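Note that the protein sequences, when read in sequence, are chains A and B.
So in our numbering, spot 20 of the first sequence is number 20, and the numbers just go up one at a time.
So in our numbering, spot 222 of the second sequence is number 1222, and the numbers just go up one at a time.
Just so it is clear, CB atoms sit at the ideal spot from N, CA and C, and this is done for glycine as well.
On a predicted model such as this, the values are computed, not experimentally measured, just so you know.
Down below is the structure, laid out as structure tokens.
Number of protein chains: 2
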Amino acid sequence: MKKFINAVDTILHESLDGLCEAHADILALDADYKFVRRKHPKQGKACLISGGGSGHEPLHAGFVGFGMLDAACPGQVFTSPTPDQMLAAVEGVESGAGTLFIIKNYEGDVMNFEMAAEMAPGVATVVVNDDVAVEDSLYTTGRRGVAGTLVVEKVVGAAAEEGMPLAQLKALGDRVNRATRSMGVALTSCTVPAAGKPTFAIGDGEMEFGVGIHGEPGRRRDRLKSADAIAEEICAAIVGDLKPAAGARALLFVNGFGGTPAMELYLMHHAARRVMAPHGITIARSLVGSYVTSLDMAGCSITLSLLEDDTARWWDAPVHTPALRWGM
Amino acid sequence: MKKFINAVDTILHESLDGLCEAHADILALDADYKFVRRKHPKQGKACLISGGGSGHEPLHAGFVGFGMLDAACPGQVFTSPTPDQMLAAVEGVESGAGTLFIIKNYEGDVMNFEMAAEMAPGVATVVVNDDVAVEDSLYTTGRRGVAGTLVVEKVVGAAAEEGMPLAQLKALGDRVNRATRSMGVALTSCTVPAAGKPTFAIGDGEMEFGVGIHGEPGRRRDRLKSADAIAEEICAAIVGDLKPAAGARALLFVNGFGGTPAMELYLMHHAARRVMAPHGITIARSLVGSYVTSLDMAGCSITLSLLEDDTARWWDAPVHTPALRWGM
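Written out as structure tokens, the structure is:
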């Protein structure tokens, strides 16, 4: 295992220390590392809290700040945070207008966040399940929540910043989730530090088509194909599932899994944009980068999120977090 | 070779297409792919042009925009752009106040940019050579120019945006370069697409200490050490060379080489920040991310850049480029 670490047991805390030191103007770290919160909270707004296993950085703590999350609860690598983390986060940021939990659809996350939601008053939940690759998976009943979670957090975060009440935020989160689909492909496995070896074996000329962000199996193992062929098949799967109306406007988000550089991600964006055109979809917004990663996995996912007038406006709204920053 | 590509010959153009499509609000691409320029140029300011071999994305085209570069000339992977690219870029963006070329210190880049500077009137040059690892290298006489180039481009870019005349911009660029030192370490090799195999062989338990951003040899091959030990040695080399005054304020920039995820980079930032403290250096600004990459290499570099009141202000000044964006 080749990683910049000191010891397997201390990776998470040291990485959180680094994140919060590097972004001390935006973030504050709970003394017990239970959650990362906005340094400058806005009183009276409904709070957005997300979280999940670590290893997907910058998701979620990198999206804490103005216009996005109020707090994020980091679990150990690929392991759900615990209900006491979420309860501590609620206590740390709640200011009377309620809290929305944004949860990626994995059994551990859903169970723990829902347990916390039952114990904390005034909490609503949105479960993101944007991955069209497979129904049911290693850690999931139904579809997995992957890169589309960023879109939910950004759009709902902007609406919360404007003062939208909790019940409407939940409805908005569910609507954005329904308008969002993703699928990914792995060229290499990730290596979980505690395991010390790759999660799965993959040949030199192979790819895992439809991989999950923890290295879960996808639709099939296949020989490595051209960028265009990969984009074509992912986009067909997404569009076939999403069934957008002719003339739909969308955000196209090409996400790196941690080991794939920007040069290839931009090339994939070009490929995906081109294959979307015959489907009658206008790519109105773009995002390209490694935002929802799988440790050091080489690979990427493509997310398409249909935009309406209001959601496009919230996507464009000012955001000031470590990993997404614009308009201010 | 496992990459998202269609063909080796088309990688560069397809990646540039993707970059400029995804950031169509900021960038415009020359029809012959000679340069990427600011879509909304500011008339009357001195222009900043950089460039170099591709494979280091987002450097340089990802730093074109308000408050940073006016144009960037992309060469083929790890190959200098040609003088006709730089002349076309000058013609494309120059508006009467002269042009500054910001050049990483590699023989091909220096030769080609200086050839273009002789042919274009009113061009000054700054050569960045921040890498303390080795004197002279595979493609370099003297020290290599690496991640510190971003700092020069950001600070000088902000001053140019404010209207600073060309001669002062050159002096400022030289001053920032003198205040900036970097060193990197590789855990894996990069793979140049045209070669199709790793640039160098490296064992499972080894690292290349002081590696260049094209995979050039560093100071030595060593067994892989802890993050703290790596940070300690890099920071000692940087501080020993830079010899900052007691109480100096600095920017600490931890840069990923393309295959290393954010979790490890933030951990390295935490390690580097801690080992800088006994040297009496105050980390006043931080930057963490994969900004000056070496294709898919796993590894990182640490850059320390001493800040003065004016350079800190220009670092903080608004910037709106694909890869750096704040304050607007």
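In the DSSP annotation of this structure, the continuous segment of the beta strand (DSSP E) that includes V123 of chain A starts and ends at 123 to 128. A residue is called buried once 16 or more other Cβ atoms fall within 10 Å of its Cβ, and G163 of chain A, having fewer, is exposed. Residue range 83 to 93 is occupied by the alpha helix (DSSP H) that includes D84 of chain A, with no beta strand (DSSP E) assigned at that position.
Taking a C-beta cut-off of 7 angstroms against chain A, the contacting residues of the region 1001 to 1026 of chain B are K1002, K1003, F1004, I1005, N1006, I1011, E1014, S1015, D1017, G1018, L1019, E1021, A1022, listed in chain order. Counting along the chain, the unbroken beta strand (DSSP E) around M207 of chain A starts and ends at 206 to 209. Within a 10 Å sphere around the beta-carbon of S1226 of chain B sit fewer than 16 other beta-carbons, which makes this residue exposed. Our two residues, G1062 of chain B and G215 of chain A, have alpha carbons roughly 30 angstroms apart in a direct line. For I11 of chain A, the enclosing alpha helix (DSSP H) has its first and last residue at 11 to 22. The bridge partners DSSP lists for N255 of chain A are A:G289, A:S301. Considering only A:V77, A:S54, A:F101, A:Q76, the residue with the shortest C-alpha distance to M68 of chain A is A:F101. Here H56 of chain A carries a coil assignment [DSSP, helix/strand/coil]. Look at V1275 of chain B: its C-beta is not under 8 angstroms from any C-beta on chain A.
At least one CB atom of chain A sits nearer than 8 angstroms to the CB of V1288 of chain B. Going by DSSP, K1225 of chain B is part of no beta strand (DSSP E) at all; its letter is neither H nor E. At the C-beta level, C1020 of chain B and G1051 of chain B stay beyond 8 angstroms of one another. A Cβ-Cβ separation of about 6 angstroms places S80 of chain A in contact with G53 of chain A under the 8 angstroms criterion. For F1113 of chain B, the uninterrupted alpha helix (DSSP H) segment begins and ends at 1107 to 1119. The beta carbon of A194 of chain A is closer than 6 angstroms to those of V8 in its chain, skipping five residues each way along the sequence. Taken through DSSP and simplified to helix, strand or coil, F1063 of chain B comes out as helix. Within the region 30 to 63 of chain A, S54, G55, E57, P58, G62 place their CB atoms closer than 8 angstroms to a CB of chain B, listed in sequence order. Check the Cα spacing between A88 of chain A and each of A:I234, A:A116, A:D296: the tightest is with A:A116.
Looking at the DSSP output, T140 of chain A bridges to A:S137.
With contacts defined by Cβ atoms closer than 8 angstroms, L1252 of chain B and S1286 of chain B form a contacting pair. DSSP places Q76 of chain A in the uninterrupted beta strand (DSSP E) bounded by 71 to 77.
Residue pairing from DSSP places H320 of chain A in a beta bridge opposite A:F66, A:R325. Taking C-beta atoms as the reference points, P165 of chain A and A46 of chain A count as a pair closer than 8 angstroms.
Residues of the region 140 to 166 of chain A that bring their beta carbon within less than 7 angstroms of a beta carbon in chain B are absent altogether. Pairing V1132 of chain B with M1183 of chain B gives a Cβ-Cβ distance under 8 angstroms. In the DSSP assignment, L100 of chain A falls within the beta strand (DSSP E) that extends over 99 to 104. Within 10 angstroms of the beta-carbon of D1136 of chain B lie fewer than 16 other beta-carbons, which makes it exposed. Here DSSP, grouped into helix, strand and coil, assigns L265 of chain A to helix.
DSSP lists B:P1198 as the beta-bridge partner residues of T1191 of chain B. Take A1250 of chain B, set aside five residues on each side of it, and the residues of its chain with a beta-carbon closer than 8 angstroms to its own are P1244, M1276, I1281, T1282, I1283, A1284, R1285, L1304, S1305, L1306, L1307, in chain order. Neighbourhood of T282 of chain A in chain B, by CB distance below 7 angstroms: empty, with the nearest CB roughly 13 angstroms away. Assigned with DSSP and collapsed to three states, L1150 of chain B falls in helix. Contact note: C300 of chain A reaches chain B through F1004, using a C-beta cutoff of 7 angstroms and chain order.
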